[in-house]
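To start, the structure under review is shown below, and the notes come after it.
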Amino acid sequence: MRDASRSVKLDILHGKSYHEVMETLITRGIVNSYFEKINRSLQLDAAIVGGGPSGIVAAYYLAKAGHKVALLDRKLAPGGGMWGGAMMFNEIVVQKDAQPILDDLQLQYRDYEQGTCLLDSVHATAGLLYRATEAGALIFNCYSVEDVVYKQGRVGGVVVNWTPVLLQHMHVDPLTFTAKTVLDATGHDCEIARTVARKNGVSLCTQTGGVIGEMSMDAAEGERTTIENTKEIYPGLFVSGMAANGVSGSFRMGPIFGGMLMSGKKAAELMHASICAQQG
Ligand code: 48H
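Sequential numbering of the sequence shown, starting at 0, is according to numbering that gives the first Met the number 0.
Here you go:
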């Protein structure tokens with residue numbers, strides 16, 4: 000049998016073009032490399048649902064700590080609500096408290112007023128994604144997390160399907176990534192927390208035991224509580240970012256993003272401790 004990669008080399012040497020061989024080489028490279036990525040993700044330390052700022056920052060710090068991390072986002076382009084800045088004016092405000100995170104991830108910012116700085120939101124979002132993948136986090140885009148693995152009173156992974164499959168309401172069964180920890184970083188909708196509570200009839204670590212839902216805008220208070228509400232809300236399930244305030248019933252904050260970044264870092268620290276405890 001002809002070895003395709005060898006033939007391509009020979010073809011190039013002879014200056015000939017064998018399009019079918021080149022096409023096979025391209026396809027085989029993508030398919031093998033992609034399935035190798037999935038294979039590496041079947042048993043994770045951390046599954047992060049949602050690639051907004053809090054989820055990406057969590058992925059970055061967990062990967063930096065040497066954990067096996069996958070981030071799953073239903074969109075073609077992860078990044079969540081940060082690309083568009085505010086009303087598509089592509090600038091964001093970050094408070095100085097979050098500057099160490101900007102420095103860790105080597106993002107560019109300009110000083111603004113009252114202890115804040117400004118960032119180009121496209122630079123910031125692209126930079127977060129770049130640094131997280133560089134640190135070793137694997138990103139699966141176009142993946143919707145439709146459920147969790149739930150065993151013996153613990154969330155132990157995510158159940159995934161292609162976003163286009165779900166959009167077309169096709170009845171195709173999903174696949175599963177198990178994980179020592181799962182992060183709900185799904186933003187305003189708090190999808191994973193809702194699913195866990197609804198499907199399994201369990202109480203979350205909130206005042207009502209359920210997802211309370213977010214309140215209207217108070218930027219300063221919303222930023223403060225985002226960090227406070229970042230926690231393990233059910234064994235194995237952590238929550239960060241806007242979902243943290245949604246689950247615990249606190250304020251939205253508009254286009255200030257320091258809270259999202261600091262929440263992602265706190266989530267990574269909590270998940271790191273949980274992973275280490277499980278490893279004994
Ligand atoms: C796969 C999913 C699923 C699912 C959702 O909303 P995000 O940007 O998340 P945060 O919390 O990191 O940042 C919030 C911030 O962007 C924001 O909205 C602010 C500060 N708002 C303030 C205000 O007043 O409005 O990103 C969530 C991501 C998105 O990319 C979704 O596509 C993804 O999660 N996602 N991915 N499976 N079931 N649900």
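In this text, a Cβ means the ideal position worked out from N, Cα and C, and glycines have one as well. In this text the structure is predicted, and so the values were computed from the model without any measurement.
Let's test the definition: count the other Cβ atoms within 10 Å of the Cβ of residue i and tell me whether it reaches 16, buried, or not, exposed.
i	result
ASP183	buried
GLU222	buried
MET252	buried
VAL48	buried
LEU166	exposed
GLU190	buried
MET216	exposed
CYS275	exposed
PHE237	buried
Leaving out five residues before and five after residue i in sequence, what residues of the same chain have Cβ atoms less than 8 Å from its Cβ?
i	result
VAL158	VAL144, GLU145, ASP146, VAL147, VAL148, PRO173, LEU174, THR175
THR132	ILE138
LYS198	ASP146, TYR149
GLU288	This structure cannot speak to residue 288, because the chain is shown only from 0 to 279.
THR162	ARG73, LYS74, CYS141, TYR142, SER143
ALA64	ALA267, HIS271
ILE211	THR205, GLY245, VAL246, SER247, GLY248
Would you identify the three-state DSSP class for residue i, choosing helix, strand or coil?
i	result
MET261	helix
GLY156	strand
TYR233	strand
ARG73	coil
MET81	helix
MET214	strand
LEU41	coil
LEU203	coil
CYS141	coil
CYS189	coil
PHE256	coil
GLN167	coil
TYR111	coil
GLN280	What the structure shows of the chain is the stretch from 0 to 279, and residue 280 is not part of that stretch, so it cannot be assessed.
LEU106	coil
THR36	The sequence given here places Lys at residue 36; Thr does not occur at that position. Looking at LYS36 - three-state DSSP - the assignment turns out to be helix.
LYS150	strand
ARG1	Residue placement at ARG1 is flagged as unreliable, the pLDDT there being 49, under the threshold of 50; the coordinate-derived value follows with that caveat. Residue state, collapsed to three classes: coil.
Where do the ends of the alpha helix (DSSP H) carrying residue i lie?
i	result
TYR60	52–63
GLN98	98–103
THR132	120–134
THR177	That residue, THR177, is in no alpha helix (DSSP H); its beta strand (DSSP E) goes 174–183.
GLU220	218–227
ASN244	240–247
Below 7 Å CB to CB, which residues in the same chain sit around residue i once its five sequence neighbours on both sides are set aside?
i	result
GLY50	LEU70, ASP72, PRO77, GLY78, GLY79, ILE138
LYS265	ILE226, THR229
SER262	SER53, THR225, ILE226, THR229, SER239, GLY240, ALA243
VAL30	none
GLY257	VAL93, GLN94, ASP96, ALA97, GLU222
THR185	VAL48, GLY49, ILE191, ALA242
PRO254	GLY84, ALA85, ILE91, VAL92
Return the chain-ordered list of same chain residues with a C-beta closer than 6 Å to the C-beta of residue i, the five sequence neighbours on each side being excluded.
i	result
LYS67	LEU43, ASP44
ASN160	SER143, GLU145, PRO173
ASN89	SER120, VAL121
LEU106	ALA123, GLY126
GLY135	ALA62
CYS204	ILE232
GLU220	PHE250
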